[in-house]
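Residue numbers (the numbering used here), protein chains in the order written: chain A, 1 to 114; chain B, 115 to 230. Beta carbons: idealized from backbone N, C-alpha and C, even for Gly. These figures come from a predicted structure and were not determined experimentally. What follows is a single structure, written as structure tokens, with notes after it.
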């Protein structure tokens, strides 16, 4: 079983739609949950970062973490064509030393049509 | 402020040849990471430097891969000799703060390596 599972899509939605992206994980040691956005031929760019269970909102983006179910989500409201990208979930465990490796999902490719 | 830069952006080599990838982290970032994405797979961690020291190299696939970070600034990742399965996109990331909380890792654009 992979540590992080993410449906690669592709996911196609019309402009203005609400998008839901999800990841499940198996390692209960994961404490930090991130969503990265990656445009074609670019590196991943951090969108959202959460530590605890619950919701975190930033503009049109909401990150949700349910540690009891080992399930995280990213919601995009009023989606725009500029949101078309690959969205990667990433996680890490708490370690008592400098830095920590990120464990990524495969990424979901999103296309928003105008 | 300049972001993480990587060179070259794309490299095509023959099986058995040597390739060296370079990463320049954000100025002042002590933590430097290498990751790799093989086609169809997820991005996977290779290793982590704190300044010039290797903190964690548990993700390095085998001894054909050698990473260095002389002087704690830029880093190189050498693959010698390259094999077909080494093809993929190699990402470098850097972060500023250590300690026991994860800090934001800023990624470079990646080097696309193709081994023929």
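Chain-ordered chain B contacts of residue i [CB-CB under 7 angstroms]
i, result
"residue 44 of chain A", "221"
Residue i: contacting residues in chain B (beta-carbon distance under 9 angstroms)
i, result
"residue 104 of chain A", "149, 151, 156, 157, 158 and 159"
"residue 88 of chain A", "156 and 157"
Three-state secondary structure assigned by DSSP to residue i
i, result
"residue 82 of chain A", "helix"
"residue 144 of chain B", "coil"
"residue 59 of chain A", "coil"
"residue 185 of chain B", "helix"
"residue 198 of chain B", "helix"
"residue 49 of chain A", "strand"
"residue 108 of chain A", "strand"
"residue 101 of chain A", "coil"
"residue 230 of chain B", "coil"
"residue 4 of chain A", "strand"
"residue 130 of chain B", "coil"
"residue 66 of chain A", "strand"
"residue 218 of chain B", "coil"
"residue 116 of chain B", "coil"
"residue 122 of chain B", "coil"
"residue 272 of chain B", "For residue 272 of chain B there is no data in the structure shown, the boundaries of chain B being 115 and 230."
Partner residues on chain A for residue i, Cβ-Cβ distance less than 7 angstroms
i, result
"residue 170 of chain B", "101"
"residue 224 of chain B", "43"
"residue 205 of chain B", "43"
Residues near residue i by beta carbon distance below 6 angstroms, same chain, minus five either side
i, result
"residue 12 of chain A", "111"
"residue 226 of chain B", "124 and 203"
"residue 139 of chain B", "118, 146 and 208"
"residue 151 of chain B", "157, 202 and 203"
"residue 237 of chain B", "The structure shown has nothing for residue 237 of chain B, since chain B only spans 115 to 230."
"residue 27 of chain A", "3"
"residue 39 of chain A", "85"
Contacts that residue i makes with chain A (C-beta to C-beta distance below 9 angstroms)
i, result
"residue 173 of chain B", "101"
Cutoff 7 angstroms; reference residue i; Cβ partners in own chain excluding five residues on either side
i, result
"residue 25 of chain A", "3, 4, 70 and 91"
"residue 16 of chain A", "78 and 79"
"residue 67 of chain A", "53"
"residue 103 of chain A", "3, 4, 90, 91 and 92"
"residue 224 of chain B", "120, 203, 204 and 205"
Sequence-distant residues of its chain with Cβ nearer than 8 angstroms to residue i (five each side left out)
i, result
"residue 51 of chain A", "31, 32 and 33"
Residue i at chain E interface by Cβ criterion, 8 angstroms
i, result
"residue 223 of chain B", "As a matter of chain content, chain E is missing from the structure shown, whose protein chains are A and B."
Every unbroken beta strand (DSSP E) within the stretch 147 to 180 of chain B, with a cutoff of 3 residues, ordered by chain: 157 to 164 and 167 to 170
Any 3 or more C-beta pairs closer than 8 angstroms across the stretch 157 to 169 of chain B and the stretch 45 to 57 of chain A: no
Every unbroken beta strand (DSSP E) within the stretch 21 to 45 of chain A, with a cutoff of 3 residues, ordered by chain: 30 to 38
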